[in-house]
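Shown next, in structure tokens, is the structure this report addresses.
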Amino acid sequence: MDQGAAEKKLTIFYSLSVGLGAIASITSGIAWGHWKQTLDQCVGRNCSCILYGTHTPTVFLGGRNGACIWVTYGPLIYILISIAMACFHGFRVLFSRKKTITRTVTAKNEVGETIELHAVQGESTNPLPRAFWITMACITSFFTIYALTHFSIFADGFLTTCKQYRLALHRQLRFSGTVTPVIHERLACTAIFDFMDYIQPDSGNAYREGYINTGLDLSLGISAAFFSWILFLGTSVINIRYAAIKV
Numbered sequence: 001m002d003q004g005a006a007e008k009k010l011t012i013f014y015s016l017s018v019g020l021g022a023i024a025s026i027t028s029g030i031a032w033g034h035w036k037q038t039l040d041q042c043v044g045r046n047c048s049c050i051l052y053g054t055h056t057p058t059v060f061l062g063g064r065n066g067a068c069i070w071v072t073y074g075p076l077i078y079i080l081i082s083i084a085m086a087c088f089h090g091f092r093v094l095f096s097r098k099k100t101i102t103r104t105v106t107a108k109n110e111v112g113e114t115i116e117l118h119a120v121q122g123e124s125t126n127p128l129p130r131a132f133w134i135t136m137a138c139i140t141s142f143f144t145i146y147a148l149t150h151f152s153i154f155a156d157g158f159l160t161t162c163k164q165y166r167l168a169l170h171r172q173l174r175f176s177g178t179v180t181p182v183i184h185e186r187l188a189c190t191a192i193f194d195f196m197d198y199i200q201p202d203s204g205n206a207y208r209e210g211y212i213n214t215g216l217d218l219s220l221g222i223s224a225a226f227f228s229w230i231l232f233l234g235t236s237v238i239n240i241r242y243a244a245i246k247v
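The opening position of the sequence shown corresponds to residue 1 in full-length UniProt numbering, with each subsequent residue numbered one higher.
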């Protein structure tokens with residue numbers, strides 16, 4: 001892959017990272033803002049987060065505030081980096097001076113005459129210094145780990161709340177017998193959050209205005225966080241490759 005094609009891919013990857021990071025941040029913020037007053041019933045500490053919720057014999061509590069702060073605002077850092085790099089590579093692809101890449105192949109015909117074949121492979125952007133590729137390889141490798149951590153906390157917090165609310169749902173609906181395995185083993189987490197949307201009572205000092213589809217909202221955010229990690233993995237591979245071969 002020539003540098004021009006690589007920069008086109010990087011432009012697309014960075015642009016998609018901006019959109020996916022925004023989706024992950026916005027969806028987390030929507031769910032957090034909707035539930036924070038209802039779930040924040042701890043004494044002496046903040047537990048307003050929809051992630052890492054906890055079932056107790058009397059009320060359902062939210063997780064620590066730090067988890068939602070990280071998941072909601074964490075993507076903003078790599079969004080800014082992605083915007084800058086998408087603009088940089090996009091400008092070079094569209095407006096940078098390009099050079100034509102040709103490859104010469106020498107061969108002999110049937111009568112022993114030597115002929116040269118010139119194959120035009122296409123146009124490429126002007127070469128970037130190796131120092132640039134090394135720097136970006138380090139930055140994108142860092143953000144690959146960063147995005148993976150963000151996705152892992154988002155997904156783990158979602159699954160923890162889902163697991164804990166299964167217990168709360170069992171207590172509130174007073175199910176028994178063969179219905180119990182349905183709640184704990186069969187219903188998907190999105191269905192569990194559907195129950196939460198409609199039957200979780202407000203606290204004494206909070207009232208939720210209307211309903212949201214919490215399960216769908218968080219699932220969309222988790223999916224966006226996952227694909228953001230995949231895209232940063234792809235950008236780091238491209239940058240590492242050019243850092244290794246660029247002279």
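Ideal Cβ placement from N, Cα and C applies to all residues, glycine included.
Around the C-beta of residue i, are 16 or more other C-beta atoms found within 10 angstroms, so that it is buried, or is it exposed?
i, result
"A31", "buried"
"R166", "buried"
"V71", "buried"
"N126", "exposed"
"L51", "buried"
"A131", "exposed"
"L94", "exposed"
"F91", "exposed"
"S152", "exposed"
"I222", "buried"
Using a Cβ-Cβ cutoff of less than 6 Å, which residues in the same chain neighbour residue i once the five nearest sequence positions on both sides are dropped?
i, result
"Y14", "S82, M85, A86"
"L231", "F13, L16, S17"
"K36", "S48"
"I240", "A137"
Rounded to the nearest angstrom, what separates residue i and residue j at their Cα positions?
i, j, result
"W133", "G74", "25 Å"
"F60", "I79", "34 Å"
"G66", "R171", "28 Å"
"L169", "T11", "46 Å"
Report all residues from its chain with a CB closer than 7 Å to the CB of residue i; omit the five preceding and five following residues, and keep chain order.
i, result
"L148", "W229"
"M196", "Y165, T214"
"K8", "V93"
Using CA coordinates, which residue listed in the options is at the minimum distance from residue i?
i, options, result
"G21", "A225, I153, S236", "A225"
"I192", "F158, I222, G62, S141", "F158"
"F88", "E209, S25, G4", "G4"
Q.
Could you tell me which whole alpha helix (DSSP H) segments of length 4 or greater appear in the region 139-226?
A. Unbroken alpha helix (DSSP H) stretches of 4 residues or longer found wholly inside the region 139-226: 189-199, given in chain order.
Q.
At 4 residues or longer, what runs of the alpha helix (DSSP H) sit wholly inside the region 52-82?
A. As far as the region 52-82 is concerned, its whole alpha helix (DSSP H) runs of at least 4 residues are 65-73.
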